[in-house]
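Enquirer: Take any residue in the sequence shown, note its place counting from 1, add 90, and you have its number in this note's numbering. Glycine residues also receive a C-beta, built at the ideal position from the N, C-alpha and C atoms. Note that this is a predicted model, so its numbers are computed, not measured. Supplied in structure tokens, the structure appears directly below.
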Amino acid sequence: MAQEGAGGPERPELATAPADTAAGAPAGDPTLAPPPSTMPAAHVPEGALSEPVARTQGPVPSTALSMPQDLSPWGMFMAADRVVQAVLIGLALASLATWTIWLAKSLEILAASMRLRRALPTLLAAGSLEQADSALTGRRGPLVAMLRAARHEAASAPAEVYRGEGGGFLARVSSHLARIEAQAVRRLNLGVGMLATIGATAPFVGLFGTVWGIMNSFIGISEAQTTNLAVVAPGIAEALLATALGLVAAIPAVVIYNAFARWIAGYRARLADAAAAVERLASRDLDHRRLVPAVIARAAE
Numbered sequence: 091m092a093q094e095g096a097g098g099p100e101r102p103e104l105a106t107a108p109a110d111t112a113a114g115a116p117a118g119d120p121t122l123a124p125p126p127s128t129m130p131a132a133h134v135p136e137g138a139l140s141e142p143v144a145r146t147q148g149p150v151p152s153t154a155l156s157m158p159q160d161l162s163p164w165g166m167f168m169a170a171d172r173v174v175q176a177v178l179i180g181l182a183l184a185s186l187a188t189w190t191i192w193l194a195k196s197l198e199i200l201a202a203s204m205r206l207r208r209a210l211p212t213l214l215a216a217g218s219l220e221q222a223d224s225a226l227t228g229r230r231g232p233l234v235a236m237l238r239a240a241r242h243e244a245a246s247a248p249a250e251v252y253r254g255e256g257g258g259f260l261a262r263v264s265s266h267l268a269r270i271e272a273q274a275v276r277r278l279n280l281g282v283g284m285l286a287t288i289g290a291t292a293p294f295v296g297l298f299g300t301v302w303g304i305m306n307s308f309i310g311i312s313e314a315q316t317t318n319l320a321v322v323a324p325g326i327a328e329a330l331l332a333t334a335l336g337l338v339a340a341i342p343a344v345v346i347y348n349a350f351a352r353w354i355a356g357y358r359a360r361l362a363d364a365a366a367a368v369e370r371l372a373s374r375d376l377d378h379r380r381l382v383p384a385v386i387a388r389a390a391e
């Protein structure tokens with residue numbers, strides 16, 4: 091009351107005591123702790139905390155489950171596209187044909203070369219067609235066929251040829267020999283042209299399979315919406331398998347074709363030597379048959 095008279099109306103005191111009391115209270119006193127909040131806690135759905143992580147990882151690629159676990163050639167073949175499988179089967183058959191032709195033609199060319207090599211010295215040592223034919227009795231091959239064709243032409247020649255009144259005997263013999271030589275070489279060349287075809291086309295067929303497989307891989311990448319190497323690598327490996335098999339089929343085919351070309355060229359050269367020897371024997375027989383009647387006529391005079 092004394093303060094009212096002296097300084098005016100009394101001001102109400104601020105209620106700061108509870109706060110000061112709480113601030114100055116001991117930290118461990120449970121009686122002075124603030125009351126618990128009465129507001130309800132927000133409900134957090136289960137799995138909501140992991141949802142952003144799942145969203146950042148992106149969708150699980152659907153092709154990851156279908157990717158082959160076996161990356162061996164057979165496993166990649168079984169998991170490849172139908173078109174790529176057809177390409178791989180075709181290249182495998184081409185490779186099989188290459189090695190089959192190599193085995194068959196090697197034996198054929200080797201046998202023909204050995205027969206000609208053994209018979210050629212006998213032919214060169216003979217003095218007449220009849221003598222050469224007798225020495226080569228029981229043998230077979232184009233050289234024996236040349237001898238028989240020359241003897242047949244000599245036997246069917248008219249008498250005017252041996253008297254020097256007719257011509258064309260040696261030309262007919264040469265024509266027979268040329269046909270026999272061409273037939274023998276053509277027989278050896280059967281199947282060799284397929285090697286050239288395989289060697290020229292197999293790499294491009296394999297490249298077609300690779301392009302087709304890579305196209306399918308890109309389509310799978312677009313559908314999966316991921317560029318993860320574990321997802322992309324198997325499809326690309328399947329595609330590259332076609333190129334590898336194309337090279338496996340083409341390289342041996344080219345090498346074997348060149349080897350056969352050299353062998354057949356050498357065989358043809360030896361066969362040409364044999365044909366020239368037969369022509370010389372035919373010319374010698376012709377001169378002998380012309381000479382004998384002339385000698386007899388001179389002796390009679």
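How about Q174 and E271: are their beta carbons less than 9 angstroms apart?
Expert: Indexing the sequence shown from 1 puts residue 174 at position 84. Indexing the sequence shown from 1 puts residue 271 at position 181. As written in the sequence, residue 174 is Val, which differs from the Gln given in the question. Cβ distance not < 9 angstroms, so V174 and E271 don't count as in contact.
Enquirer: A343 and G299: beta carbons closer than 9 angstroms?
Expert: Within the sequence shown, the letter at position 253 stands for residue 343. Within the sequence shown, the letter at position 209 stands for residue 299. In terms of Cβ geometry, A343 and G299 do not form a close pair [threshold 9 angstroms].
Enquirer: Among W353, L335, A366, which has the Cα closest to the Cα of S185?
Expert: Position 95 of the sequence shown holds residue 185. The option with the nearest alpha carbon to S185 is L335.
Enquirer: Measure the alpha-carbon distance for R352 versus V345 and round it to whole angstroms.
Expert: Within the sequence shown, numbered from 1, the residue matching residue 352 stands at position 262. Within the sequence shown, numbered from 1, the residue matching residue 345 stands at position 255. About 11 angstroms.
Enquirer: Could you work out which residue in M284, L267, L376, R276 is closest to A202 when comparing CA atoms only?
Expert: The sequence position of residue 202 within the sequence shown is 112, counting from 1. Checking every option, the nearest Cα to that of A202 belongs to R276.
Enquirer: Does the beta-carbon distance from A367 to L213 come in below 9 angstroms?
Expert: Residue mapping note: residue 367 aligns to position 277 of the sequence shown, counting from 1. Residue mapping note: residue 213 aligns to position 123 of the sequence shown, counting from 1. Against a cut-off of 9 angstroms, the Cβ pair of L213 and A367 comes out as a contact.
Enquirer: Looking at E369 and L278, is the spacing between their C-beta atoms short of 9 angstroms?
Expert: As a working mapping, residue 278 is identified with position 188 in the sequence shown. As a working mapping, residue 369 is identified with position 279 in the sequence shown. No, the pair does not count as a contact, with Cβ atoms beyond the cut-off.
Enquirer: Given A239, which residues of its chain have a CB within under 6 angstroms of its CB, disregarding the five upstream and five downstream residues?
Expert: Counted from its first residue, the sequence shown places residue 239 at position 149. For A239, where only same-chain residues beyond five positions count, the Cβ hits under 6 angstroms are H266.
Enquirer: Classify G231 as helix, strand or coil using the three-state DSSP reduction.
Expert: Taking the sequence shown and counting its residues from 1, the one referred to as residue 231 is at position 141. The answer is coil: DSSP assigns G231 none of H, G, I, E or B.
Enquirer: Grab the span of the alpha helix (DSSP H) containing T188 for me, first residue to last.
Expert: Position 98 of the sequence shown holds residue 188. Start and end: 172-215.
Enquirer: If you scan the region 252-340 from start to end, which runs of the alpha helix (DSSP H) of 4 or more residues do you find wholly inside it?
Expert: 259-279, 282-314
Enquirer: Restricting to Cα atoms, I'd like to know which of L219, M305, R360 is closest to D377.
Expert: Mapped onto the sequence shown, residue 377 falls at position 287. Ranking L219, M305, R360 by Cα distance to D377 puts L219 first.
Enquirer: Straight-line CA distance for A225 to G180?
Expert: Numbered from its first residue, the sequence shown carries residue 225 at position 135. Numbered from its first residue, the sequence shown carries residue 180 at position 90. Roughly 50 angstroms between the two C-alpha positions.
Enquirer: Would the beta-carbon of A355 fall within 9 angstroms of that of P232?
Expert: Within the sequence shown, numbered from 1, the residue matching residue 355 stands at position 265. Within the sequence shown, numbered from 1, the residue matching residue 232 stands at position 142. Not closer than 9 angstroms, so no.
Enquirer: Taking 6 angstroms as the limit between beta carbons, can you name the residues of its chain near D171, skipping five residues before and five after?
Expert: Against the sequence shown, residue 171 aligns to sequence position 81. Excluding residues within five positions, the ones whose Cβ falls inside 6 angstroms are N306.
Enquirer: Give the straight-line distance between the Cα atoms of R145 and S312, rounded to the nearest whole angstrom.
Expert: Taking the first residue of the sequence shown as position 1, residue 145 is located at position 55. Taking the first residue of the sequence shown as position 1, residue 312 is located at position 222. Any reading at R145 is ruled out, since the residue's pLDDT is 44, under 50, leaving its predicted position unreliable.
Enquirer: Can the beta-carbon of Y347 be found less than 9 angstroms from the beta-carbon of G296?
Expert: Your numbering for residue 347 matches position 257 in the sequence shown. Your numbering for residue 296 matches position 206 in the sequence shown. No; because the gap between Cβ atoms is not below 9 angstroms, this pair is not in contact.
Enquirer: Leaving aside the five residues before and after M166 along the sequence, list all residues of the same chain whose C-beta is less than 7 angstroms from its C-beta, in chain order.
Expert: Position 76 of the sequence shown, counted from the first residue, corresponds to residue 166. Contacts found: P158, A327, E328, L331.
Enquirer: Locate the alpha helix (DSSP H) running through A222, then write down its first and last residues.
Expert: Numbered from 1 along the sequence shown, position 132 holds the residue referred to as residue 222. Counting along the chain, the alpha helix (DSSP H) containing A222 begins and ends at 219-225.
Enquirer: Rounded to a whole number of angstroms, what is the C-alpha to C-alpha distance between M236 and A292?
Expert: The residue given as residue 236 occupies position 146 in the sequence shown. The residue given as residue 292 occupies position 202 in the sequence shown. Distance between the alpha carbons of M236 and A292 is about 40 angstroms.
Enquirer: So, helix, strand or coil for A247, using DSSP?
Expert: Position 157 of the sequence shown, counted from the start, is the residue given in the question as residue 247. Residue state, collapsed to three classes: coil.
Enquirer: Report the rounded CA-to-CA distance for G217 versus R241, giving the unit in angstroms.
Expert: To locate residue 217, count along the sequence shown from 1; it is residue 127. To locate residue 241, count along the sequence shown from 1; it is residue 151. Roughly 14 angstroms between the two C-alpha positions.
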